[in-house]
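Report on the structure given below.
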Amino acid sequence: PTGTVTFVVTGGPTLTGTLSGGTVSVSTTAIPVGTSTVTATYGGDGNFTGSAGSDTQTVTQAATTTSVSSSPDPSVVGQTVTFTATVTPVSPGAGTPTGTVTFFATNGDTTVSLTGTLSGGTVSVSTNGLVTAGTYNVTATYSGDGNFTGSSGTDTQTVTQAATTTAVTTSPDPSVFGQSVTLTATVAPVSPGAGTPTGTVTFVVTGGPTLTGTLSGGTVSVSTSAIPVGTHTVTATYGGDGDFTGSSGSDTQTVVPALTTTSVSSSPDPSVVGQTVTFTATVTPVSPGAGTPTGTVTFLATDGVTTVSLTGTLSGGTVSVSTNGLVTAGAYAVSATYTGDGNFVGSVGADTQIVGQASTTTSVSSSPDPSVVGQSVSFTATVAPVAPGAGTPTGTVTFVITGGPTLTGTLSGGTVTVSTSALDAGTHTVTATYSGDANFTASSGTDTQTVNQASTTTTATSSPDPSTFGQLVTFTANVAVNSPGAGSPTGTVTFVIDGVGGGTLTGTVVAGVATVTTNSLGAGTHNVTATYNGDANFAGSVGTDTQTVNQASTLTTATSFPDPSTSGQTVGFIAFVSALAPGSGIPTGTVNFTITDGVTTVNLPGTLNGSGVATVSAALTTGVYVVTANYTGDTNFGTSTGTDTQTVI
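Under UniProt numbering, residues 1 to 649 are what the sequence shown spells out, in order.
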């Protein structure tokens, strides 16, 4: 027969072949696994009728091999890796396996399981789930299908750390000093790496703190308020982990000085003049600024008359200064000026301090006490503020002295001294009254002053000394007040003069001097005692002196009558003896007359009468006679000689 035979394989292909020599063979690999009936149907030809025959064919699953590859290899953590499995029949099997391949990749830490469906005997799956570095064992398991048995293949995939980038941001930027600034670092893998880095990031702020934070979801934020004023570089360094390499990034943060407010208070308020007042300034940052300002605060307090400037250094944001310099009463405007520092801008606060008059006490003292009449006594008033007041009162103090003057003095340094010597003997009350001033109230104080009699010294003198008998002698008593006494004693001085012609004389003291006179003192030395009898203010005293009284010089004048006379005529010879000034009085005693002509000498004594005249007489012979009258003196008068001539014819 010739012609064609059609082979029908149940569940398989239909094949046609042409007979040759009555035989035909066809081949197929398309018979499914199992037992199939193969029916061959001859369609006949012109000579032969058709016919059919059948057989069975058993087909078993073909064994397979599975090979695995990955790309890229090596990869980095998080990078998408494609695993490809190729499933091929093991000869004599053929065909294209179908079904699924399960990929299983693990490095002991990370396990990834993926399933893909074969197409054309090949399947590729991709994953970015290799999120830990290391060597992954990759197994591709083909589960088989109706025609092919399962198989598996292995491979290794090397996953290295993924590079990272670290981005830094700050907020708020700019900030003010003390404001909390949040520093945020975002650590991201560099493509083709992927995943979420873990670990810590260290933030280094130039000129500021170093902070460390732990990543969460690839991000970490830390906050600080310790960044000083200025522009700072913030470097965030990611230290890496097992899967991601370290990296760093930077940003700048600008911090400007924080605004401040300055508040001022004073204590005590109100105060009194000179009282120590404490001014306190508190400097606080204005939100969102924070921190503790440093530097200095200058306090200026003025009431228009007194101005006090003080500077203090902040400690803990507060500074207190104290002054007792508010020395005038009034309302003081107080300003506290914070000058700022590198981190905080300056600010000014104001307050008012009321300063009232300070009370005073007035104390009085006198010196010397006791004093003596005429002695200069100093009265001192010290006007002092009553605590807590302080300072130096000004103005005047009036001193009222009972039985004495009223004196006024002006304070200097809180003290005034006045002096007077116009106090009589006795005890005097001294009242010093301070009249007050704008800053200090009035006050008064008292003291007593005892004034004793002043001692005196009496000096007795006489003039002239020596004197001559009969001469008027003045006795003077100078009554002097002994220092420290002063003044002019009054009263009387009693002079007691011993000796002939002496006695007791009394003189009145005028301007400290008393005088008496006498010309009754006999010749000789006289002791003179001058006793000042004192008065209410001056004590008595005694002075002594001696007075020498010399004989008074005399003048003897001789005369005769009649002259000329005749021989044998009786001639009277007269001697007049008188005291020469400054002496006075009537000399007494004898005058011896010597009458001679050179041949004849006549001696005649004569006695002075109460008028100081002595008279003798004699009858002489003719001649010219020299008459000498010699006064012999007495207790009070000295000798003297007078001459004359007598002519006898």
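The beta-carbon is built from N, C-alpha and C at its ideal position, and this holds for glycine as well.
- Taking 8 Å as the upper bound for CB-CB distance, P564 and I649 are in contact here, some 5 Å apart.
- Among the bridge pairs identified by DSSP, D351 is matched with V334.
- Inter-residue distance for G499 and V481 is about 30 Å (C-alpha atoms, whole angstroms).
- Residue nearest to G413 within the set P393, V87, T431 and V616 is P393 (criterion: CA-CA distance).
- Put simply, the stretch 2-13 touches the stretch 44-61. At least three CB pairs are less than 8 Å apart.
- Note that the stretch 300-313 touches the stretch 331-340; at least 3 beta-carbon pairs, one per stretch, sit closer than 8 Å.
- Taking every protein chain shown into account, the CB of S567 has fewer than 16 other CB atoms within 10 angstroms, so this residue is exposed.
- G502 sits buried, since 16 or more C-beta atoms from the chains shown fall within 10 Å of its C-beta.
- Under the three-pair Cβ rule at 8 Å, the stretch 308-323 does not count as touching the stretch 359-373.
- Cβ atoms of T615 and G543 stay farther apart than 8 Å, at about 49 Å.
- A167: member of the beta strand (DSSP E) spanning T164 to S171, first to last residue.
- Membership of P605 in the beta strand (DSSP E) is indicated by the continuous run T601 to T607.
- Here T382 is buried: its Cβ has 16 or more other Cβ atoms, across all protein chains shown, within 10 Å.
- Check the Cα spacing between S640 and each of A629, T647 and Q646: the tightest is with A629.
- Fewer than three Cβ pairs drawn from the stretch 143-150 and the stretch 168-175 lie within less than 8 Å of each other, which leaves the two stretches out of contact.
- Per the DSSP secondary-structure output, Q547 pairs in a beta bridge with H526.
- Judged by DSSP secondary structure, P489 falls outside any beta strand (DSSP E); it is assigned neither H nor E.
- Looking at the DSSP output, S67 shares a beta bridge with T86.
- A direct Cα-Cα distance of roughly 49 Å separates T408 from Y338.
- Residue A387 holds the alpha-carbon nearest to the alpha-carbon of V277 among A387, N452, V626 and T10.
- In summary, Q161 is buried, with 16 or more beta-carbon neighbours lying within 10 Å of its beta-carbon over all protein chains present.
- Per DSSP, reduced to three states, the secondary structure at P97 is coil, with no helix or strand assignment.
- Straight-line spacing of the CA atoms in A30 and G95 works out to 8 Å.
- Beta-bridge analysis with DSSP links L114 to F103.
- Counted as a single uninterrupted DSSP element, the beta strand (DSSP E) harbouring N452 occupies residues S443 to N452.
- Between F475 and A511, the gap from beta carbon to beta carbon reaches 9 Å or more.
- Per DSSP, G503 is one residue of the beta strand (DSSP E) stretching across G503 to T508.
- For P92, there is no enclosing beta strand (DSSP E), since its DSSP letter is neither H nor E.
- Taking C-alpha positions only, P92 is separated from A63 by approximately 9 Å.
- Between the C-alpha atoms of G633 and S520 there is a straight-line separation of about 18 Å.
- One thing to note: V229 has its Cβ no nearer than 9 Å to the Cβ of T260.
- When the beta-carbon positions are compared, T427 and V400 stay at least 9 Å from each other.
- Under the three-state reduction of DSSP, D251 is assigned to strand.
- Residue environment for P489: buried (at least 16 other C-beta atoms within 10 angstroms of its C-beta).
- For S180, the CB contacts under 8 Å within the same chain, skipping 5 residues up- and downstream, are S223, T224, S225, P288 and A290 in chain order.
- When C-alpha distances from V602 are compared across T588, V571 and S376, the shortest belongs to V571.
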